[in-house]
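In UniProt numbering, the protein residues as written are 1 to 291.
Below, the structure is given as structure tokens:
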């Protein structure tokens with residue numbers, strides 16, 4: 001068996017080196033061949049395609065945050081290669097949602113030894129952008145933008161951008177059309193969820209990554225006084241656990257927004273938009289599941 005590991009060396013986990021050593025040890029123990037590809041942030045998609053064509057791995061395992069996982073996923077859509085994930089990022093929202101061990105060394109052990117796969121759905125925005133975990137518009141997307149541009153890190157940085165993003169986001173009005181129904185709603189944030197919870201464990205729906213559906217979650221209110229208690233996306237933005245009570249479950253949707261608003265996918269800021277189409281790509285990739 002040949003395994004291609006695609007690793008983001010800039011990921012936030014301090015245990016990456018220990019995880020890499022464990023991969024070497026397991027290769028000897030289990031007798032598999034492996035190769036590392038380290039992302040650089042420059043032309044990584046082409047680099048992955050070159051490795052897939054030249055090395056022809058039997059499985060591919062991505063180590064990084066949600067953005068790294070999404071990048072690898074979009075490069076194997078038509079290849080049906082078993083896909084494994086290692087939580088090398090800061091919050092590791094997707095890994096948390098599907099039950100991968102949070103410790104990178106334990107995750108290596110579990111994912112490399114995995115013998116079964118489970119179908120993984122993906123989201124597609126505007127027939128262009130793929131999403132493996134979560135996208136949203138409004139407060140959190142603005143926070144993604146501001147946090148990525150700021151050198152201030154840690155909890156104080158989170159709190160600063162939470163307050164600023166909340167104050168800067170107006171009440172938005174949306175028209176959401178699904179094949180079954182049309183909805184008119186208002187709120188401060190709209191989340192599009194493939195998985196059922198954020199990296200910090202906050203549940204946003206009862207959905208799963210393999211049910212052929214996704215959830216549209218409207219945040220109707222923001223309570224700053226109770227916000228410093230739980231987290232959101234890779235940034236640990238703080239939220240009230242009851243914020244995601246207004247949920248639509250569907251396979252596709254067309255969303256019109258009252259004004260241009262900030263938009264992010266899997267922790268990557270995508271710019272501003274007032275119109276989104278979202279649809280599910282059911283069973284797009286075979287996902288390696290630990291025994």
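Idealized CB from N, CA, C, for every residue including glycine.
In the DSSP assignment, find the beta strand (DSSP E) that holds residue i and state where it starts and stops.
| i | result |
| --- | --- |
| residue 50 | No beta strand (DSSP E) holds residue 50; the alpha helix (DSSP H) holding it covers 44-55. |
| residue 248 | 246-250 |
| residue 2 | 2-7 |
Specify, as a first and last residue, the run of the alpha helix (DSSP H) that residue i falls within.
| i | result |
| --- | --- |
| residue 110 | 104-112 |
| residue 62 | Careful: residue 62 lies outside any alpha helix (DSSP H), inside the beta strand (DSSP E) at 59-64. |
Which residues does DSSP pair with residue i in a beta bridge?
| i | result |
| --- | --- |
| residue 40 | Paired residues: none, contrary to the question. |
| residue 189 | 138, 219 |
| residue 122 | 281 |
| residue 116 | 289 |
| residue 176 | 183, 255 |
| residue 86 | 63 |
| residue 266 | Paired residue(s): none; residue 266 is not in a bridge. |
| residue 271 | 263 |
| residue 17 | Bridge partners of residue 17: none, in fact. |
| residue 30 | Note: residue 30 sits in no beta bridge, so no partner. |
| residue 35 | 4 |
Once DSSP output is grouped into helix, strand and coil, what is the label at residue i?
| i | result |
| --- | --- |
| residue 72 | helix |
| residue 22 | helix |
| residue 213 | coil |
| residue 284 | strand |
| residue 93 | helix |
| residue 78 | coil |
| residue 128 | coil |
| residue 171 | coil |
Pull up the distance between the alpha-carbon of residue i and that of residue j, whole angstroms please.
| i | j | result |
| --- | --- | --- |
| residue 248 | residue 213 | 10 Å |
| residue 188 | residue 171 | 5 Å |
| residue 19 | residue 105 | 5 Å |
| residue 69 | residue 60 | 11 Å |
| residue 74 | residue 285 | 9 Å |
| residue 64 | residue 246 | 31 Å |
| residue 79 | residue 15 | 30 Å |
| residue 219 | residue 117 | 34 Å |
| residue 173 | residue 255 | 10 Å |
| residue 132 | residue 31 | 31 Å |
| residue 33 | residue 215 | 39 Å |
| residue 39 | residue 50 | 13 Å |
Comparing the C-beta of residue i with each C-beta of chain E, is any distance below 8 Å?
| i | result |
| --- | --- |
| residue 126 | No chain E is part of this structure, which consists of one protein chain only. |
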